[in-house]
Amino acid sequence: MIIYLQKQPEWCAHWWQTATNEHTIPNGRGEERLNHERREQLQHQRRGNNDRIAPPPCHLKITQWNVQGLSNKRHTVQAAKNIDINNSACLDTNSTKRAQLPWQHDSRQGDHPQFRSRTSSPWRWSRGASCSDTPGKRHSLVVYNIYKPPPKRLEAGELLTQATQKLVLIAGDFNAHHRTINPTTTMNQDVDLTFTSTELIPVAQWEVDDELTSDHFATTTTLRMELLPPPPGPPPRWNTKKANWKLCHQKLKKWYSNYEPAEDIGQLNQDFTDAIQHAAEEAIPKKKLQIHTTETTGSTMTRFREQNHRINTFRRHLRQYPSSEGVKLLRAAVQHTRQITQIIWEDKWLDLRKLRIATGKLPRAPAHPQPLQEANRLAEHFAERSTTS
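If you read the sequence shown in our numbering, its first letter stands for residue 6, the second for the next number, and so on.
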């Protein structure tokens with residue numbers, strides 16, 4: 006299974022049935038026939054369109070592909086790395102030894118996936134299923150790439166319970182079979198399933214790639230994350246500094262004087278919780294919600310991380326290939342990064358000062374005592390200079 010990630014609560018098992026590779030034409034060596042010229046034309050056309058039209062923000066494109074033998078499709082996988090991707094996971098189901106690729110980040114032997122990541126969020130292992138947390142501007146999506154060997158089983162409830170608190174997408178080569186979706190035979194009838202949370206169904210699109218083939222065609226799921234409504238804010242907290250504790254104690258005493266304890270410990274706990282909450286609502290005010298936007302803090306930290314990433318790239322290159330020219334390049338990069346960082350801090354300070362002035366926390370600059378006379382004086386001075394020149 007290869008997964009490409011490209012940036013362009015009730016659970017509902019929303020799945021799509023993928024087309025099987027019934028029309029694959031072998032070339033006599035166990036490899037698939039791939040039209041490389043057409044792929045290059047599509048890549049050039051995609052680059053040209055990207056130059057003319059900016060891609061929409063917060064798009065997430067996920068392509069899943071069962072390689073079915075990485076050794077036979079090594080050149081295809083290497084060609085796929087030219088796509089503008091952020092993360093990729095490659096699963097080789099027939100490999101007995103580790104297949105080395107120039108772009109792979111981590112690999113495991115046998116039936117385990119191989120991963121490549123270009124983002125800061127690392128891949129995490131979870132009992133044979135790989136997990137990647139892909140943060141966006143407002144939302145965070147958790148992607149699970151599932152592969153389990155036939156002797157082992159992965160309970161669906163372990164993954165479906167994750168959808169109660171987060172936006173989840175599960176993509177895997179399940180080889181699922183059921184009478185409602187397939188004939189009674191399983192030859193060339195296996196399906197790949199893609200599960201999404203209920204909130205992702207209106208913004209999800211699905212298509213089949215006719216060129217990346219094995220026992221399955223590659224399938225692509227596109228999520229338009231910018232169409233999702235903003236996530237709800239955190240619940241308001243109690244402002245204990247302004248609490249009326251005397252009134253709160255009176256409410257609790259009044260409730261306890263008329264209360265008959267229940268025999269069930271669960272019901273007793275619920276009654277005490279409700280009583281404390283009702284007393285707090287009447288005696289303790291709530292704090293105002295403070296919404297921190299990513300444009301004020303997150304974007305600044307992202308720019309700092311970009312500068313640090315560039316410095317670390319120069320340092321790694323210098324350690325691998327030490328030279329005097331590399332030292333000069335590293336010093337120039339550090340000096341340039343310090344200048345950019347100073348500019349970022351100055352811009353942030355100016356924005357903060359303008360905000361404090363607009364909210365009245367800082368006094369405004371005093372205006373001219375006689376603005377009309379000063380304007381007339383400047384106009385006469387300008388007219389006099391224009392006539393003399």
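Ideal placement from N, C-alpha and C gives every residue a C-beta, glycine not left out. No experiment lies behind these values; they were computed from the predicted model shown.
- The region 368 to 388 and the region 339 to 355 do not touch, with fewer than 3 CB-CB distances between them shorter than 8 Å.
- Check the Cα spacing between Thr305 and each of Ile348, Arg320, Phe277, Glu286: the tightest is with Ile348.
- Measuring C-alpha to C-alpha distances from Arg310 to each of Pro327, Thr346, Gln340, Ala337 identifies Thr346 as the nearest.
- The residues Leu334, Leu335, Ala338, in chain order, have a CB closer than 7 Å to that of Phe319 in the same chain once the five nearest residues on each side in sequence are set aside.
- In this structure, the alpha-carbon of Arg308 lies about 21 Å from that of Leu360.
- Between the alpha carbons of Met230 and Ile67 lies a distance of about 13 Å.
- Apart from sequence neighbours up to five positions away, the residues of its chain that approach Leu252 with a beta-carbon distance below 6 Å are Ala288, ordered along the chain.
- The alpha-carbon of Ile316 is positioned some 42 Å away from that of Thr203.
- Within the same chain, Cβ atoms closer than 8 Å to the Cβ of Asn244 are found at Ile289, Pro290, Lys291, Lys292, the five residues on either side in sequence being excluded.
- Each of Phe387, Gln69, Arg358 was checked against the Cα of Trp211, and the nearest Cα belongs to Gln69.
- When only Cα atoms are considered, Asn313 and Thr342 end up about 8 Å apart.
- Per the C-alpha coordinates, the member of Arg242, Asn263, Ala284 positioned closest to Gln255 is Ala284.
- Thr224 sits away from Val208, with the two beta carbons spaced by 8 Å or more.
- For Ser262, the closest of Asp269, His322, Ala280 by C-alpha to C-alpha distance is Ala280.
- Beta-bridge analysis with DSSP links Thr305 to no other residue.
- According to DSSP, residue pairing for Lys291 in a beta bridge involves Trp243.
- Closest in alpha carbon position to Leu198, among Ser391, Ile175, Leu383, is Ile175.
- According to the DSSP secondary-structure assignment, Ala388 is paired through a beta bridge with no residue.
- Comparing C-alpha distances from Lys258 to each of Phe277, Leu273, Leu172, Lys247 shows the shortest one belongs to Phe277.
- Annotation: Thr166 to Gln340 spans about 49 Å, alpha carbon to alpha carbon.
- The beta-bridge partner set that DSSP reports for Glu268 is empty.
- Within the same chain, Cβ atoms closer than 7 Å to the Cβ of Leu273 are found at Pro266, Ala267, the five residues on either side in sequence being excluded.
- Across the structure, Leu172 and Leu232 are spaced so that their CA atoms are roughly 14 Å apart.
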